[in-house]
Structure formats: C-alpha cells, structure tokens
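K.L.:
In full-length UniProt numbering, the protein residues as written are 1 to 716.
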C-alpha cells in the first residue's frame, strides 16, 4: 500500500520516500537526503546570494535527486535573517493607539553598550511618518474608549494613501487581552488593501509588554513580504521539477508548512541555525551524550547553543539586529567569526576578524574567484589545516599561494610574515568564538567543563579542540555529517506550532488548570487544520505545557515545563495526527491537585540553575501559559560506514603549538567503527576538516561520530 499526500499544486504524490533537508547558508548550500532504510547522503554547493533558490536546485542536481524520489522536504533559509540585518525588508506602516506612536522608537532604558555614549540604537523598522494612530483605548479590565467606525475609516484611508506600501502592523494597547479593536482595524485594512500584508500583534504574540509585542509584530510585517516572495517562487520552481512542497524550519527548532512560514516571517529569523542545533542534539544523543554545547562554524558566522537532557533550550527574549522578537527561539548566540570572515587591522593597529564576510562571491582569497582580502579560511589553509588544491562544493579549488599573498599584504604593515599573520587571525577568531561559548554556558549558569562540545559546520572541527581546551572541556564530538549537520537537523525535524495566552496573577489565585485546558482546546483546532499535513510522522501529536512565571516584583520571567495533573502525560493519541483535544483538555479540567506546589518547585529549580539563588517563601506570579504542539519526525539511526581501502593516508606540515610539525592526514573515508586517531593529526571529511591538537585522541563510535578526548584539560 502506498500513502499519498496532496501538494499545493493539486498533484498527488507518494510519500514516505526520501526525507530531504536543504540549508542555505551565506557561503554554501547543504543538502542531506535520508533514505527510508536510514542511509544518509550529502551534497554541498556554493550559495547564490541573488536568488537562494538557485542553490537549492543546484544541490538537488548535485545529489542526483529527481522530484518523484522525494517524500518530505524541509528547508532552512536566511532570507528573513538577512533582510533584517541589512534593513532590506518591506515598506511598512504601523497603526497604533493614539499617544503610543513612538513606542517602537523609545524602547527600553537599556542601551546596547552601557558605557559607549556615542553608540546609537538601530533605527526603528517603521519611520515616524509611516506611523498612524487611532482613537481607542483598552485597559487591563476592558474597553476604556470605544473604537468608532469613523475612526477606523479615517485611519484606513490615511494608510491607503501611502505610496508603495507593502505591509502594515496593527498594534493596539492591551490587545493581548482584549483583541476586538485590533481585529476590527486589521480586517478593515485587509479589505481596503488586498495586496498588502497586514499583521495584528494579537495574532502573532498575544502576551503583555507593549514594546516587545509591537516590535515583534512590526518585524513580522516588515519581513513577511520578502520571505513570502522567496518561498512562493521556490514552491513554483520545485513544482516545475516535480519536487514536493518544502516545509520551513522555524526559529523554535521545528518545521512548519510553507504557507504558515510565508505568512509569519518573524518565526523564521533563525531558521538555519535552529536546524543545526536540532541535528547536533540528535547525533549527540545517539552517541550517549545529552548535555552539550553546539558549535556550528560555517562560512559567514559561528552559531553556538546549549542542549540539556537532550533538548535544545529555547528563549522568548531574542534580539536580532537591535530588534526584540519575542517568539520561541532556540537559544542560539551568533558571532561574525565564520570561515569567510574577513581579517583586518583597526585604527589602533590591532588585528580584527569580522563582522564583514567574503561570502560565496567572491569568497576568501584562496577560492580564486576574485577575492583579495584574507579570511579565516585563508589562515587555516596557510597553517596547513586545509590542503592546498583541495576542492570545496565541487566548484572551488583552494590555493595556498593566493591565501599567503592576501595574508602577507595584511601583515606587512605590522611587520608580520604570512604565517604569523595567519596564526594571529586564527587566535583572534578563536577568542571570539570562545566568548560566544561562554555566553551560552557560564552566563546561563552552566559549567562548560561538565558539557560536551559538538563541532560541525565546514570549519567547526578545525577549531573545536582549541576552544575546548580554553574552556576546560575534555570531550568533543565531530559527527559523520559534520559539514552538513544543519541540513540533517532539517531532514529529521519535528513539525511544531507554538501557542500562548496571557495569565497574569499570583500563583494559587489564577486557575492554571482551566487556562491550560482552554489553550489545549484552541490548539486542537490548529492541529485539525493540518499540522501534520505532508509530514512523515513518527508518532502521535505531542503536547508540551509551559508557564512563564517570576517572583513578585521581578521584571522578567522564566519559562518552565508543567506536567499535566494526574500524570496524564503529554502525548495525545490519534492515528490521524491531530491531538485528541477533549481527552487532553479533560486531564486539566479534572483537577489541579498539587499543581501549585509542582510549579513552585520547577520555577525555583530553574531560578537556582539560572541565577544561583532562590527567594524561599516569596510569592510567585504567572505571566503566560504556553503550549508546544509537535508531530515527531522519524529518527533514523545511522551506522558507521565501512572504511574505504582505497582512501590514502598521508602527512603534511601544519603549524601547531607555535611551530611547524609533520602530522598525519587521514581521509575520513579511511576510518571505520572503533578506529583511533592520535593528535596532532588532520581528518579530512568530504565537506569539513577536523584538527586534533596534541593531547587529543579520537575514536570512531557506532554511528560514525569521532569522539575526541583530551587528557590534560585547562581551567575555564
């Protein structure tokens, strides 16, 4: 029997075939295809900045995949991220309550750099002349000033008169609790401006704090037209090649339908990095590691994140390019220290790396595609970590001579040789990445010495041992799919939707059980509307209940998990893939015995972990209830490939410990299960490189991951 799914173009195709993940990065586009039997294949091609879909289709061609072979296709994209970073989003207007026109510009009291009095905040996404107000007012307990029809007509016509408008954000005061006014204005705008994206804050983020709610809704409106245009074009191009409609990775670490992502771009601002965290948590779990730090060093940036007990930590306090986006996001911290990050000398004569990147075009100097400025990749090549003449992505051949020329030009004014300059570039990049790892470990209340570093991305394995030594970490994992792990995370990702509702009050006074029951009942409607559509589900819909709470008087809250009363569990049965709402909701309605005590215990445990102390006996207040609805993806278990007897080992000079040494160079294909590598040595993957420093030993485990161990750790 063959299962089928309906594509958006109306065609019926077989499902349950190859699961495909494609991640578009700033330098390379990565593809991972997981066959039904669990076999995995990879492809890597240069990205195409002008039209990223060109890179997607090129990766399909490089992998030899025809459309009918593909069952589920998941895609991670940086289109929304780049649009926000470059301020290249849509021409957007804002409609808000009279008197609150400047909320998105006033912001909070905090400054990006506390002691830099010359540093300005990034400009608001909506200029003041495109912010409109409407006479209405709601308070915490209801309507204070009614919204008149004439006011709606007036503001709609003012907005309609703006030339070249692409999007409108509607953000009214207290709409998270009383959304009727906001819905009325949004509906009128949609009727009057059918070709314009209209976003209501109560639809995107129905929680309190007007500044963060407004900026999130504005970002959603600002980014959606551009992301939607790209995704719809990709959908058409896939249809032309008979490839199934892709699902899109969200910042939360779960994929969603293309139409959902195209309608709310703010949920996808960290689409690519989230896939890497999912993939790292998965392969680490197969190697018996559940507490880890992910280290994804790609061509443009380095992304790091914590994973505890096998689950990626999420946050609702992300700030990207100076814009708070308060939606569930994998707790990723990014720095501009990728392989393509450009090295330069500042006015004080100090060597710097990033934030500018050579990207895919022209790329680092060693690519031979017109780039002349040295990058981290040039430094790695000059120091012998990469092979002169090695090929990348099938279209790039590395030139050591070109790298040395670029590094020599940079170092000459400082009196440094190309090798000394290269060593300095690597040291500066390593220091920047080490700081990033401390941000997601030490600053989150985690001791990195108790965690394992999972290195991936094209350059992750090259720098991992040095970073681990600096942090006192003794174990590093370099997966078999290290160079394309983000794409693997996409291929195995869960379908996910997040729901939230305000619940402001003292713990013990608010009805938690009723709030969760209502939220579960609402989420069932979303699940029934096709949550699992087009997805090869590995099980029933899973519900995860969460609560935002804080000590009374605190300014910010922590999000904790809440178990259903009576131990009913969080998995809702149902072969259709839709949550069994009446059953799930009834578990909450049946009673909340012990729920208050359980919430207090969970909150104080998280407060102690995060901040190092608790305030015993102090009252706790709730802020919002959250529900995460997921359909688990399949979890194939890869097997370490047999060693290739034709893979030839060698030796070459590499700069380690401040001097040149002859070290072993081992093709990854030459290693099989149980094989050991002793540093100093280089292991060359098809899409990545792993450098073992002196004192490190690597063993290939059952799934093909190289488990590196250091015998003389340093202090943090």
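Every residue, glycine too, gets a C-beta built ideally from N, C-alpha and C.
Quick check on residue 603: does DSSP put it in helix, strand or coil?
P.N.:
Correct three-state label for residue 603: helix.
K.L.:
Can you tell me whether residue 109 is buried or exposed, with buried defined as 16 or more other CB within 10 angstroms of its CB?
P.N.:
The residue is exposed, with fewer than 16 neighbouring Cβ atoms inside 10 Å.
K.L.:
So residue 273 is in the alpha helix (DSSP H); what residue range does that whole segment cover?
P.N.:
Where residue 273 is concerned, the enclosing alpha helix (DSSP H) stretches over 271 to 286.
K.L.:
Is DSSP giving residue 374 helix, strand or coil here?
P.N.:
Here residue 374 sits in coil by DSSP.
K.L.:
Out of 517, 76, 681, state which residue places its alpha-carbon closest to the alpha-carbon of residue 249.
P.N.:
Considering only alpha carbons, the answer is 76.
K.L.:
Evaluate the contact criterion for the region 496 to 506 versus the region 200 to 214: three or more CB pairs, one atom per stretch, below 8 Å.
P.N.:
Yes: the two stretches touch, three or more of their Cβ pairs being nearer than 8 Å.
K.L.:
Going by C-alpha distance, which of 214, 422, 192 is nearest residue 324?
P.N.:
Checked all of 214, 422, 192; the closest Cα to residue 324 is 214.
K.L.:
Roughly how many angstroms separate the alpha carbons of residue 601 and residue 472, rounded to a whole number?
P.N.:
Computed Cα separation, rounded: 32 Å.
K.L.:
Nearest-angstrom Cα distance between residue 574 and residue 629?
P.N.:
Because residue 574 carries a pLDDT of 33, less than 50, the predicted location of this residue cannot be relied on, and the following value inherits that uncertainty. The alpha-carbon atoms of residue 574 and residue 629 are separated by roughly 14 Å.
K.L.:
If we require 4 or more residues per run, which alpha helix (DSSP H) segments fall completely within the region 405 to 485?
P.N.:
For the region 405 to 485, whole alpha helix (DSSP H) runs of length 4 or above, ordered along the chain, are 418 to 439, 460 to 471.
K.L.:
Quick one: is residue 607 buried, meaning 16 or more other Cβ sit within 10 Å of its Cβ, or exposed?
P.N.:
Flag for residue 607 reads buried.
K.L.:
Got a sec, what are the start and stop residues for the alpha helix (DSSP H) residue 244 sits in?
P.N.:
Taken as a continuous stretch (DSSP letters only), residue 244 belongs to no alpha helix (DSSP H), as it is neither H nor E.
K.L.:
To the nearest angstrom, how far is the alpha carbon of residue 134 from that of residue 182?
P.N.:
Distance between the alpha carbons of residue 134 and residue 182: 10 Å.
K.L.:
Suppose contacts are defined by Cβ-Cβ distances below 8 Å. Is residue 92 in contact with residue 218 by that definition?
P.N.:
Taking 8 Å as the Cβ cut-off, residue 92 and residue 218 qualify as a contacting pair.
K.L.:
What is the residue span of the beta strand (DSSP E) that residue 561 lies within?
P.N.:
Unbroken beta strand (DSSP E) run through residue 561: 558 to 561.
K.L.:
Suppose the cutoff is 6 Å on Cβ atoms and the five residues either side in sequence are ignored; what does the same chain contact list for residue 701 look like?
P.N.:
For residue 701, where only same-chain residues beyond five positions count, the Cβ hits under 6 Å are 287, 707.
K.L.:
Going along the chain, which unbroken runs of the beta strand (DSSP E) with 3 or more residues stay wholly within the region 326 to 384?
P.N.:
Complete beta strand (DSSP E) runs here, min 3: 333 to 335, 341 to 345, 351 to 357.
K.L.:
At 3 residues or longer, and completely inside the region 88 to 149: list those beta strand (DSSP E) runs for me, N to C.
P.N.:
DSSP runs (the beta strand (DSSP E)) wholly in the region 88 to 149: 92 to 97, 131 to 134, 137 to 139, 142 to 145.
K.L.:
Buried or exposed: which applies to residue 89, given that a residue is buried once 16 or more other Cβ atoms fall within 10 Å of its Cβ?
P.N.:
Residue 89 is buried by the Cβ-count criterion.
K.L.:
So, for residue 423: in the same chain, excluding its five sequence neighbours on each side, which residues have a beta-carbon less than 7 Å away from its beta-carbon?
P.N.:
Result list for residue 423: 383, 655, in chain order.
K.L.:
Report yes if the CB atom of residue 348 is closer than 8 Å to the CB atom of residue 414, and no otherwise.
P.N.:
The answer is no: Cβ separation not under 8 Å.
K.L.:
Among 468, 430, 73, 418, which has the Cα closest to the Cα of residue 768?
P.N.:
Because residue 768 is not part of the residues shown, which for the chain are 1 to 716, the question remains open.
K.L.:
In its own chain, which residues sit with a C-beta less than 6 Å from the C-beta of residue 697, not counting the 5 before and 5 after it?
P.N.:
Excluding positions up to five away in sequence, the list reads 678, 709.
K.L.:
In this structure, does DSSP put residue 635 in helix, strand or coil?
P.N.:
Note: residue 635 maps to coil in three-state DSSP.
K.L.:
Would you please state the rounded distance, in angstroms, between the beta carbons of residue 477 and residue 705? I believe it to be under 8 Å.
P.N.:
Rounded, the Cβ-Cβ distance is 5 Å, consistent with contact.
K.L.:
Once you ignore the five residues that flank residue 342 on each side, which residues in its own chain have a CB closer than 8 Å to its CB?
P.N.:
Same-chain partners within the cutoff: 353, 354, 356, 357, 358, 373, 374, 375.
K.L.:
Span of the alpha helix (DSSP H) holding residue 505?
P.N.:
Residue 505 -> not in any alpha helix (DSSP H); beta strand (DSSP E) instead, spanning 495 to 506.
K.L.:
What does a CB cutoff of less than 8 Å around residue 444 pick up in its chain, not counting 5 residues either side in sequence?
P.N.:
For residue 444, where only same-chain residues beyond five positions count, the Cβ hits under 8 Å are 306, 313, 331, 610.
K.L.:
Please classify residue 528 as buried or exposed, where buried requires at least 16 neighbouring CB atoms within 10 angstroms.
P.N.:
Residue confidence for residue 528 is low, a pLDDT of 47 falling below 50, so the modelled location carries little weight and cannot support an answer.
K.L.:
Report the three-state DSSP secondary structure of residue 522 (helix, strand or coil).
P.N.:
Residue 522: helix per DSSP, three-state reduction.
K.L.:
Between the region 446 to 454 and the region 291 to 300, do at least 3 Cβ pairs fall closer than 8 Å?
P.N.:
Yes, since at least three Cβ pairs between the region 446 to 454 and the region 291 to 300 fall closer than 8 Å, the two stretches touch.
K.L.:
If we ignore side chains and look at the alpha-carbon of each, how far apart do residue 47 and residue 397 end up?
P.N.:
Whole-angstrom Cα-Cα distance: 16 Å.
K.L.:
Whose C-alpha, out of 43, 148, 494, is nearest the C-alpha of residue 64?
P.N.:
When only C-alpha atoms are compared, the closest one is 43.
K.L.:
Which residue's Cα is closest to the Cα of residue 684: 482, 160, 662?
P.N.:
The candidate whose alpha carbon is nearest that of residue 684 is 482.
K.L.:
Kindly indicate which residue of 261, 272, 71 has the alpha-carbon position closest to the one of residue 485.
P.N.:
Residue 272 is the option with its Cα nearest to residue 485.
K.L.:
Thinking C-beta only, is residue 519 closer than 8 Å to residue 627?
P.N.:
Taking 8 Å as the Cβ cut-off, residue 627 and residue 519 qualify as a contacting pair.
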